[in-house]
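Using the working numbering, the letters of the sequence shown correspond one by one to residues 9 to 485.
So the structure is just underneath, and the comments pick up after that.
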Amino acid sequence: MTHAEKKVIIIDKKHLTPPFNIALKENGEAFKCTEILRIVPGKRAVLLGEWQKKSVIVKLFYRRFKATGHFHREVEGNHHFKKANIPTAKILHKGSAGDYRAKMLIFDYIYPSKNLDTLLRSCKDREIRWKHLQKLIILVAKMHGAGLQHHDLHLENFLVKDNVLYAIDGSALEVKDKNHALDTQTSLKNLATLFAQRGLEKNSFFKELFFLYCTTREFKDKTKHLALLQRMVKNERKFRIKRYLKKIYRQSTETVCIKGFTSFLLCKRSNYTPAMAKFLEDPDSAFNNPETVMLKNGNSSTVVRFKINGQDLVIKRYNIKNPVHALKRAFQKTRAHGSWYAAHLLLEYGINTPAPIAMKEVRLGPFKSRAYLICDYIEGLSARDYFKDFLPKSDTHLPQKILGIFKKLESLQISHGDMKATNIIVHYGTPFLIDLDSMVQHRSKICFARARNKDVKRFMKNWAEKPEIATIFHPLK
9 MTHAEKKVII
19 IDKKHLTPPF
29 NIALKENGEA
39 FKCTEILRIV
49 PGKRAVLLGE
59 WQKKSVIVKL
69 FYRRFKATGH
79 FHREVEGNHH
89 FKKANIPTAK
99 ILHKGSAGDY
109 RAKMLIFDYI
119 YPSKNLDTLL
129 RSCKDREIRW
139 KHLQKLIILV
149 AKMHGAGLQH
159 HDLHLENFLV
169 KDNVLYAIDG
179 SALEVKDKNH
189 ALDTQTSLKN
199 LATLFAQRGL
209 EKNSFFKELF
219 FLYCTTREFK
229 DKTKHLALLQ
239 RMVKNERKFR
249 IKRYLKKIYR
259 QSTETVCIKG
269 FTSFLLCKRS
279 NYTPAMAKFL
289 EDPDSAFNNP
299 ETVMLKNGNS
309 STVVRFKING
319 QDLVIKRYNI
329 KNPVHALKRA
339 FQKTRAHGSW
349 YAAHLLLEYG
359 INTPAPIAMK
369 EVRLGPFKSR
379 AYLICDYIEG
389 LSARDYFKDF
399 LPKSDTHLPQ
409 KILGIFKKLE
419 SLQISHGDMK
429 ATNIIVHYGT
439 PFLIDLDSMV
449 QHRSKICFAR
459 ARNKDVKRFM
469 KNWAEKPEIA
479 TIFHPLK
């Protein structure tokens, strides 16, 4: 992608940027692409455009030696959806691209529609959420009953139009047995991949949705199956997070990654605008700008509040104090690298922290120097200021939420490393953890117990002169 974040498809060494035409090999008709919706670089792309005077979706497969196989899986999957009476996009044309070594499928455009992930995130009405999830579970049960297993049960692979739920991505469909339903173990394992997604694993409807699934499939002994599914979801969630955290340091749909001899850069693709790209070329410019608000000016790090494209951000620069410090840091992972990881880890486990936006390391080949971390600015008071004039009986919610963070960190064997009250920001009644430089997820229970004890002692030290506040947090001891 370019700095302007313009999506480009590269096929046969040719760069295609919308608008462009692709001639169908079979009859020479042209498909005009107006927008690239999704790219898996070097493999496939999903395009929006016009064909025979109507809006259509095109899936383009161009991975060398693999395109034909993927093309056929998509066609077969679409056929099995229809055979099982599962609503899906109709294939209007299947064939090859005339000017490129690529296979293509033209689908009916399901419009106007929203993917289920977007719909559930934006919907605040509990009843409407329940109705959408109910339809999803019944549809998945229907797939399993037809002997179909979907290997990518992501919410974005389901579209809602006029209250009808459509399943897409036929290439992820596997026919286990066309004459029999999936067995219980396989069904639950596949269902666990759905519930393990962030936002669903702690869904308040979890039990009701599973019992609905069991009723649809006519499963007996729901309670026994529920316990098994919960274990499967927990394991699947761990696996997903581990896999996701490996992706945050490389080029992906979510992240722009630029490696060079003198720098290493990561930025959320949705934030990688021309203004952000220009800023990341010289992040020190934020520290010399008259509009910058200084938040911390220390020896080891400097923190400022700065706006890019109107977005309120925090820029943290990890300083090099002297030549000895430079030599020591040259061979280690930068603190920005560690904070980038820690922020993603916390967010994946549902612990609030400012969203990480970008990270840059100044390098000379393998040797590291200064580093920068950019994240969202969270407006609010530090816990120290919040509890300054706090009356214990006035608000029991926030202390319980803070205790909940400690409990969650304990269950994950994560230590913060600097649990000062100023490192908890209260934003509209919700606590956010900041300053994650020293955060560690421990493998050893002994090492974690020691580190957690330090965290608790440091946190309780904040209230040494406020016994009424210390009493509230006494359960930590």
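Note that CB positions come from ideal geometry on N, CA and C, so glycine has one too.
According to DSSP, is residue 43 helix, strand or coil?
In the sequence shown, counting from the first residue as 1, residue 43 sits at position 35. Strand at residue 43.
CA-CA distance, residue 469 and residue 130?
Position 461 of the sequence shown, counted from the first residue, corresponds to residue 469. Position 122 of the sequence shown, counted from the first residue, corresponds to residue 130. Whole-angstrom Cα-Cα distance: 41 Å.
Below 8 Å, how does it come out for the segment 341-358 and the segment 436-449: are there three or more Cβ pairs, yes or no?
yes
Let me check understanding here. Comparing Cα to Cα, which of 262, 372, 476 lies closest to residue 269?
To locate residue 269, count along the sequence shown from 1; it is residue 261. Ranking 262, 372, 476 by Cα distance to residue 269 puts 372 first.
Given 8 Å, three or more beta-carbon pairs between the segment 82-100 and the segment 132-142:
Taking 8 Å as the limit for Cβ pairs, the verdict is that the segment 132-142 does not touch the segment 82-100.
Rounded straight-line distance, which links the Cα of residue 221 to that of residue 474
Within the sequence shown, numbered from 1, the residue matching residue 474 stands at position 466. Within the sequence shown, numbered from 1, the residue matching residue 221 stands at position 213. In a straight line, the C-alpha of residue 474 is about 52 Å away from that of residue 221.
Nearest to residue 241 by CA position, among 202, 311, 265, is which residue?
For this step, residue 241 is matched to residue 233 along the sequence shown. Residue 202 is the option with its Cα nearest to residue 241.
Below 8 Å, how does it come out for the segment 371-386 and the segment 415-422: are there three or more Cβ pairs, yes or no?
no
Tell me whether residue 380 sits in a helix, a strand or coil according to DSSP, three-state version.
As a working mapping, residue 380 is identified with position 372 in the sequence shown. Residue 380: strand per DSSP, three-state reduction.
Restricting to Cα atoms, I'd like to know which of 394, 217, 82, 370 is closest to residue 54.
Position 46 of the sequence shown, counting from 1, holds the residue named residue 54. That would be 82, whose Cα lies nearest to the Cα of residue 54.
Whose C-beta lies closer than 6 Å to the C-beta of residue 536 among residues of the same chain, with five residues either side of it excluded?
Summary: the structure shown does not reach residue 536, with the chain confined to residues 9 through 485, and so no result is reported for it.
By the 10 Å Cβ neighbour count, where 16 or more other Cβ atoms means buried, how is residue 262 classified, buried or exposed?
Within the sequence shown, numbered from 1, the residue matching residue 262 stands at position 254. Classification for residue 262: exposed.
Nearest to residue 189 by alpha carbon, out of 476, 157, 368?
Locating residue 189 in the sequence shown gives position 181, counting from the first residue. When each option's Cα is compared against that of residue 189, the closest is 157.
Can you find at least 3 beta carbon pairs, one from the segment 302-322 and one from the segment 230-239, that sit closer than 8 Å?
With the cut-off at 8 Å, the segment 302-322 and the segment 230-239 do not touch.
Going straight from the alpha carbon of residue 288 to that of residue 368, what length do you get?
Residue 288 sits at position 280 when you count from the first residue of the sequence shown. Residue 368 sits at position 360 when you count from the first residue of the sequence shown. Their Cα atoms are separated by approximately 8 Å.
DSSP state of residue 312 mapped onto helix, strand, coil:
On the sequence shown, position 304 is the one that residue 312 refers to. Of the three classes helix, strand and coil, the one that applies to residue 312 here is strand, per DSSP.
Once DSSP output is grouped into helix, strand and coil, what is the label at residue 369?
Counting from one through the sequence shown, the residue named residue 369 turns up at place 361. DSSP places residue 369 in strand when its eight states are reduced to three.
Answer yes if the segment 136-152 comes into contact with the segment 120-128, meaning at least three C-beta pairs across the two stretches below 8 Å, and no otherwise.
yes
Proximity to residue 298 [Cα-Cα], best of 485, 315, 50
Counting from one through the sequence shown, the residue named residue 298 turns up at place 290. For residue 298, the nearest C-alpha among the options comes from 315.
What does the alpha-carbon distance come out to for the pair residue 305 and residue 460?
Position 297 of the sequence shown, counted from the start, is the residue given in the question as residue 305. Position 452 of the sequence shown, counted from the start, is the residue given in the question as residue 460. Near 28 Å, if we compare the C-alpha coordinates of residue 460 and residue 305.
Measure the CB-CB distance between residue 427 and residue 378 and report whether it falls below 8 Å.
As a working note, residue 427 is residue 419 in the sequence shown. As a working note, residue 378 is residue 370 in the sequence shown. It is not a contact, given that the beta carbons lie outside the stated cut-off.
Just list the residues that DSSP pairs residue 263 with in beta bridges.
Along the sequence shown, one-based indexing puts residue 263 at 255. DSSP, once it has assigned bridges, lists 276 as partnering residue 263.
What residues in its chain sit with their C-beta under 6 Å from that of residue 281, if we drop five residues either side in the sequence?
Along the sequence shown, one-based indexing puts residue 281 at 273. Residues of the same chain with a CB within less than 6 Å of the CB of residue 281, apart from the 5 flanking positions on each side, are 317 in chain order.
Does the segment 21-33 touch the segment 106-115, meaning 3 or more C-beta pairs lie closer than 8 Å?
In the pairwise beta carbon analysis, the segment 106-115 is classified as touching the segment 21-33: at least three pairs are separated by under 8 Å.
Helix or strand or just coil, what does DSSP make of residue 452?
Stepping through the sequence shown from its first residue, residue 452 is reached at position 444. Reduced to three states, the DSSP call for residue 452 is coil.
Give the list of continuous alpha helix (DSSP H) stretches no shorter than 4 residues that lie fully inside the segment 134-192.
For the segment 134-192, whole alpha helix (DSSP H) runs of length 4 or above, ordered along the chain, are 134-153.
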